[in-house]
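Undergrad:
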Amino acid sequence: MPMPDPSFPVKLHKVSNYEHGQTLFSHHWHEHLEFLYIASGSATIECSATQLHAESGDLVVVNSNELHYGISTADDLFYYVIIVDLSLLQSHFVDAIETKFITPISRNLMLFENLITGDADINNCLISLVRELNERSLGYELSIKSHLYGLLTVLVRKYVTPATEADAYRHRQQDLERFHFVFQYVDEHYNEKITVEQLAALVPLSRVHFSRLFKQLTNKTITEYINLVRINRSEDLLRSTGMNVSEIALATGFSDVYYFSRMFKRLKKVSPKEWRNLGSSSSAH
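In our numbering, the protein residues as written are -7 to 277.
(1) State the Cα-Cα distance for the pair K150 and L103, rounded to the nearest angstrom.
(2) I'd like the list of long-range same chain contacts for K257, defined as Cβ closer than 7 Å, with 5 residues on each side in sequence excluded.
(3) At the level of alpha carbons, what is the spacing between A46 and V52?
(4) Could you tell me how far apart the beta carbons of H139 and L168 are, in whole angstroms, since I believe they sit closer than 8 Å?
(5) My parser needs the alpha helix (DSSP H) runs of 4 or more residues fully inside the region 71 to 113; what are they?
(6) In whole angstroms, give me the CA-to-CA distance for A276 and L270.
(7) What are the boundary residues of the beta strand (DSSP E) that includes T15?
(8) Which ranges does the beta strand (DSSP E) cover as unbroken runs of at least 3 residues, wholly within the region 22 to 53, from first to last along the chain?
(9) In whole angstroms, what is the alpha-carbon distance linking M235 and L229?
(10) Applying the criterion that 16 or more other CB atoms from any shown protein chain within 10 Å of the CB defines a buried residue, is Q14 buried or exposed?
(11) Using C-beta distances below 8 Å, list every residue in its chain close to L194, excluding the 5 sequence neighbours before and after it, in chain order.
(12) Tell me which residue opens and which closes the beta strand (DSSP E) that S142 is part of.
(13) Would you kindly work out how many angstroms separate the C-alpha atoms of E26 and Q190, rounded to a whole number?
(14) Nearest to T244 by alpha carbon, out of F206, S56, E180?
(15) Considering just the uninterrupted stretch of the beta strand (DSSP E) at I63, what are its terminal residues?
(16) Once DSSP output is grouped into helix, strand and coil, what is the label at L197?
(17) To which residues does DSSP link V7 through a beta bridge?
(18) Roughly how many angstroms separate the alpha carbons of V249 and I214, rounded to a whole number?
(19) Within 10 angstroms of the Cβ of V54, are there 16 or more other Cβ atoms? Answer buried if so, exposed if not.
(20) Between the alpha carbons of R128 and K92, how many angstroms are there, rounded?
(21) Terminal residues of the continuous alpha helix (DSSP H) containing Y251?
(22) Using the C-alpha atoms, what's the distance from R199 back to F0?
(23) Where do the ends of the alpha helix (DSSP H) carrying R231 lie?
(24) On a CA-only basis, which of L259, S32, N106 is nearest T42? Give me that one, please.
(25) Return the bridge partner residues of T153 from the DSSP annotation.
(26) Whole angstroms is fine: what's the gap from H5's alpha carbon to A192's?
(27) Whose C-beta lies closer than 7 Å to the C-beta of E216 among residues of the same chain, with five residues either side of it excluded?
(28) When you compare each of R170, M255, K3 to F202 by their alpha carbons, which one comes out closest?
(29) Only counting the same chain, and skipping five residues up and downstream in sequence, which positions put a Cβ closer than 6 Å to that of P226?
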């Protein structure tokens, strides 16, 4: 993931204007450490196949190379995303900080709990980080680095999960790299007929082994995942085009408009027509 300033690899996103049921980001992973701080509203964030419900004041920690996905569960959702390349915190020589903490964190040998609620120390660190990243006053780099070390200190002391064995980490990395082509294929061909056999051949694995491993990585069957991608694509078409529901169903890979409507309602909690009307009413205000 590219950073705006490679010499100081940390970035801040402010995210708002998402409605209940709207996808925040699709399944992806990266080597950086990511913090999502919910300022208002709520969201469901999925990390390594575990679903988390985060509300105002909560922090979601996405560990390095952890598959994650998010969906809004409120109309007033507002959250901050801080993405950190751990090279920012590495030393120019091997020291105790490097060997005991930074290297294990970057290699997933030390993992943090994904959901942290009601921790004043964590909240103070995050509020300070957001302020410094927004204002960028003289010396902000020093302050940001200091607050990041402070945040990691609290996480290390209170929120470390059992360590991942080196072999397990390596296998997980290999699986993610192999399945990158599967995610990419679905993103590019969601409007076509896609079979499990096609996707299994990309890896390549047997149909049974592929299906089992995909479920372990995403907590979804391949059919559930394809439907999710298609429904997410249909969100924009419903809001930004004059296509009718049947046309949108066909354009996003559904051959049956009733099945499309049923899947949309299941995932978004409203029908396609209700979703379109909600968008029209909000844009009118």
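No residue lacks a Cβ here, since even glycine has one placed at the ideal position from N, Cα and C.
All of these numbers come straight from a predicted model, not from anything done at the bench.
TA: This is what the structure gives:
(1) Working through the sequence shown from its first residue, we reach residue 150 at position 158. Working through the sequence shown from its first residue, we reach residue 103 at position 111. Cα-Cα distance, rounded: 12 Å.
(2) If you number the sequence shown from 1, residue 257 lands on position 265. Same-chain partners within the cutoff: S263.
(3) The residue you call residue 46 lines up with position 54 of the sequence shown. The residue you call residue 52 lines up with position 60 of the sequence shown. Going by the C-alpha atoms only, they are around 7 Å apart.
(4) On the sequence shown, position 147 is the one that residue 139 refers to. On the sequence shown, position 176 is the one that residue 168 refers to. At roughly 30 Å, the Cβ-Cβ gap does not stay under 8 Å, so H139 and L168 are not in contact.
(5) Counting only runs of at least 4 residues, the region 71 to 113 fully encloses the following alpha helix (DSSP H) elements, listed from N- to C-terminal order: 95 to 98.
(6) Position 284 of the sequence shown, counting from 1, holds the residue named residue 276. Position 278 of the sequence shown, counting from 1, holds the residue named residue 270. Model confidence at A276 stands at a pLDDT of 45, short of 50, so the residue's coordinates are unreliable and nothing is read from them.
(7) Here the question's residue 15 lines up with position 23 in the sequence shown. Residues 15 to 20.
(8) Taken in chain order, the whole beta strand (DSSP E) runs of length 3 or more contained in the region 22 to 53 are 25 to 32, 34 to 39, 42 to 47.
(9) For this step, residue 235 is matched to residue 243 along the sequence shown. For this step, residue 229 is matched to residue 237 along the sequence shown. Counting only the Cα atoms, L229 lies some 7 Å from M235.
(10) To locate residue 14, count along the sequence shown from 1; it is residue 22. Per the 10 Å Cβ criterion, buried.
(11) On the sequence shown, position 202 is the one that residue 194 refers to. Answer for L194: F173, V174, Y177, listed in chain order.
(12) Taking the sequence shown and counting its residues from 1, the one referred to as residue 142 is at position 150. What sits at residue 142 in the sequence shown is Gly, not Ser. G142 -> not in any beta strand (DSSP E); alpha helix (DSSP H) instead, spanning 132 to 150.
(13) As a position in the sequence shown, residue 26 is number 34, starting the count at 1. As a position in the sequence shown, residue 190 is number 198, starting the count at 1. Taking the Cα positions, E26 is about 33 Å away from Q190.
(14) Position 252 of the sequence shown, counted from the start, is the residue given in the question as residue 244. Comparing Cα-Cα distances from T244 to each of F206, S56, E180, the minimum goes to E180.
(15) Start at 1 with the first residue of the sequence shown, and residue 63 comes out as number 71. Per DSSP, I63 belongs to the beta strand (DSSP E) from 60 to 64.
(16) By one-based count along the sequence shown, residue 197 stands at place 205. The answer is coil: DSSP assigns L197 none of H, G, I, E or B.
(17) What you label residue 7 is simply residue 15 of the sequence shown in a count that begins at 1. Beta-bridge annotation (DSSP): V7 is paired with Y71.
(18) The sequence position of residue 249 within the sequence shown is 257, counting from 1. The sequence position of residue 214 within the sequence shown is 222, counting from 1. Straight through space, the alpha carbons of I214 and V249 are spaced by roughly 20 Å.
(19) Reading the sequence shown from its first residue, position 62 is the one you call residue 54. It counts as buried.
(20) As a first step, residue 128 must be located in the sequence shown, where it is residue number 136. As a first step, residue 92 must be located in the sequence shown, where it is residue number 100. For R128 and K92, the gap between their C-alpha atoms comes out near 30 Å.
(21) Here residue 251 is taken as the residue at index 259 of the sequence shown, counted from 1. Counted as a single uninterrupted DSSP element, the alpha helix (DSSP H) harbouring Y251 occupies residues 249 to 260.
(22) The sequence position of residue 0 within the sequence shown is 8, counting from 1. The sequence position of residue 199 within the sequence shown is 207, counting from 1. One C-alpha to the other measures close to 44 Å.
(23) For the purposes of this step, residue 231 is taken as residue 239 along the sequence shown, with counting starting at 1. Looking at the DSSP string, the run of the alpha helix (DSSP H) that includes R231 is 214 to 232.
(24) In the sequence shown, the residue the question calls residue 42 occupies position 50. The shortest C-alpha separation from T42 is found at N106.
(25) Working through the sequence shown from its first residue, we reach residue 153 at position 161. Answer is L103, bridged to T153.
(26) Here residue 5 is taken as the residue at index 13 of the sequence shown, counted from 1. Here residue 192 is taken as the residue at index 200 of the sequence shown, counted from 1. Rounded to whole angstroms, the gap between the alpha carbons of H5 and A192 is 36 Å.
(27) For the purposes of this step, residue 216 is identified with residue 224 of the sequence shown, where counting begins at 1. The beta carbon of E216 lies closer than 7 Å to none in the same chain, with the five residues before and after it left out.
(28) Start at 1 with the first residue of the sequence shown, and residue 202 comes out as number 210. Closest in alpha carbon position to F202, among R170, M255, K3, is R170.
(29) Position 234 of the sequence shown, counting from 1, holds the residue named residue 226. The residue asked about is misnamed: residue 226 is Ser in this sequence, not Pro. Excluding residues within five positions, the ones whose Cβ falls inside 6 Å are I240, T244.
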